[in-house]
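Be aware that the sequence shown starts at 2, since it is given in the working numbering, and climbs by one per residue. For each residue, glycine too, the CB sits at the ideal point set by N, CA and C. One structure is given here, and the rest of the page talks about it.
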Amino acid sequence: MKFLITNDDGFDAPGIATLVQVLERHGDVLVVAPDRCHSGCGHQVTTTRPLHCEHVAAQRYRIDGTPADCVRVALRHICPDVDYVVAGINDGGNLGIDTFMSGTVAAVREAVFWQKPGLAISQYRTAAGIDWERTAAKADRAIRFCLERTLERHAFWNINLPADETIRGSLQTIECEVDRNPLPTDFESQNGKLVYRGRYHDRIKDPASDVDVCFSGDIAVSMIRV
């Protein structure tokens, strides 16, 4: 199997290096990723200026565009024959309505537009930080879970890995629905400007939703239809 890998944290982010390490166990990998962080950019695409595509090394490309740009350029000009598009591993969760704002998720949504199966994978972060070696083990398990299952047409997988300190007992991989509750959103006034102060960890969660599963210490896997 041939995988196209991208992300929204940027070409040099530890998450994408971890994802390459994991996916090389499952097939051939080709990386086309943004040259800088585009976290929270959603499905933004670039249409008003030229995009620079740098061939960094064999099977490695860096583009001065968004994650969706990377997928569009890759599938049109670099690797139209890939079997699967995988985005991540995102530094932080993409749970519930995060999926509408996430550049990581947008990349695989774009892949679905091109009739390619896609999988977005994110590592939920707490104050303890991320141990990428442990993330790799969780990611390999979750990716195997998805690759062994039938993905509906016009749909993609969204995976969220739990923070290590939330895992209690045996780690489970649970297919679940996406939570629809809004994030608790606050803005703090600073020198006449409003600064976003969302309380991500305090969000409302429906039982057995992706937010609930991940916050409870298990791997949340959701099939999202486009």
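Cβ neighbour criterion (16 or more within 10 Å) applied to residue i
i      : result
ILE220 : buried
ASP203 : exposed
ASP187 : exposed
THR151 : exposed
PHE101 : exposed
ILE205 : exposed
ASP211 : buried
ARG198 : exposed
ASP99  : buried
Beta-carbon proximity list for residue i, same chain, < 8 Å, skipping 5 on both sides
i      : result
VAL227 : ARG110, VAL113, PHE114, HIS155, ALA156, PHE157
GLU153 : MET224, ARG226
ALA128 : none
LEU195 : PHE188, GLU189
Nearest to residue i (by Cα), restricted to the options the options
i      : options                        : result
GLY41  : MET224, GLN124, SER103, SER171 : SER103
PRO163 : ALA140, PHE146, GLU153         : ALA140
GLU25  : ALA14, LEU5, ASP211            : LEU5
ARG181 : THR49, GLY93, SER223, ILE144   : SER223
ASP207 : GLU189, ALA138, PHE216         : PHE216
ARG135 : GLY16, LYS3, PHE12             : GLY16
GLU149 : HIS27, GLN116, PHE12           : HIS27
GLY11  : GLU178, GLU176, VAL83, ASP92   : ASP92
LEU96  : SER190, ALA14, CYS177          : CYS177
LEU120 : MET2, ASP70, ASN159            : ASN159
ALA69  : ALA209, ASN8, SER171, ALA138   : ASN8
TYR125 : VAL57, ASP213, VAL74, ASP65    : ASP213
LEU184 : LEU195, TYR201, ASP29, CYS147  : TYR201
ALA107 : VAL72, ALA14, VAL179           : VAL72
VAL179 : ARG145, ALA209, ALA14          : ALA209
HIS83  : ASP99, LYS117, GLY94           : Reading off the sequence shown, one finds Val at residue 83, where the question assumed His. Of ASP99, LYS117, GLY94, the residue nearest in Cα terms is LYS117.
Neighbourhood of residue i by C-beta distance below 7 Å, restricted to the same chain and skipping five residues each side
i      : result
THR67  : PRO35, HIS39, CYS42, GLN45, VAL46, THR47, GLY104
ASP132 : ASP165
ARG169 : GLY218
ALA143 : ILE122, ILE160, LEU162, THR174, ILE220, VAL222
CYS54  : TYR62, ILE64, VAL74
PHE146 : THR174, VAL222
Residues bridged to residue i (per DSSP)
i      : result
LEU195 : SER190
ILE131 : Beta-bridge pairing links ILE131 to no other residue.
ASP92  : GLN124
GLY119 : VAL86
Own chain, CB closer than 6 Å to residue i, minus 5 neighbours either side, in chain order
i      : result
ARG61  : VAL32
ASP29  : LYS3
THR167 : GLY218
Flag this pair as touching only if the region 19 to 33 and the region 70 to 81 have three or more C-beta atom pairs under 8 Å; answer yes or no.
-> yes
Below 8 Å, can you find three or more Cβ-Cβ pairs linking the region 85 to 93 to the region 13 to 23?
-> yes
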